[in-house]
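Taking the working numbering, the leading residue of the sequence shown gets 51, the next gets one more, and so forth. I have placed the structure first, in the form of structure tokens, so that the comments after it can refer back to it.
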Amino acid sequence: MNNDQRSGSGLHITTGAGPEGVVLGVSGALDYTSAERFGAAVGKAYAEGAAVVTADLGALGYCDSSGVASLVRAHKLAVREGRRFVVRAPDTTLARVFALTGLDAVLEIES
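What follows is the structure, encoded as structure tokens:
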């Protein structure tokens with residue numbers, strides 16, 4: 051499965067199969083104009099039966115507070131559904147935001 055979604059906001063999401071579930075490759079800007087779309091992609095992956103959704107942020111160029119909130123909402127959805135949400139490869143700025151806010155102790159983060 052390889053699905054490519056683009057929006058006018060500059061967010062680019064690719065969907066692919068990972069070893070444990072679905073990997074969402076996220077690039078561009080995860081911000082107030084695109085956070086809802088990211089959440090919809092996560093929700094769709096769970097609705098289609100994914101036990102684990104991994105958001106690969108290795109190519110993410112920008113993330114504002116709305117983007118961070120969308121990651122938290124994805125985590126909360128996973129907990130409610132009895133599934134896992136993994137954040138992979140956040141850049142050093144986003145990793146610092148997670149550390150300063152305590153989200154590094156809440157989110158499942160892979161380097």
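Ideal Cβ placement from N, Cα and C applies to all residues, glycine included.
Residue pairing from DSSP places A67 in a beta bridge opposite V72.
Here the C-alpha atom of G78 lies approximately 27 Å from the C-alpha atom of V129. The beta carbon of T104 sits closer than 6 Å to the beta carbons of G68, V73, V136, R138 from its chain, once the five residues preceding and following it are set aside; these are given in chain order. Taking 4 residues as the shortest admissible run, the stretch 71-134 contains the following complete alpha helix (DSSP H) segments, listed from N- to C-terminal end: 85-97, 115-131. With fewer than 16 neighbouring CB atoms inside 10 Å of its own CB, S161 falls in the exposed class. For R138, DSSP records a beta bridge to D106, E160. Excluding residues up to 5 positions away in sequence, D81, Y82, A85 lie with their Cβ nearer than 6 Å to the Cβ of S116 in the same chain. Scanning L157, T64, A155, A97 for the CA closest to the CA of A109 turns up T64.
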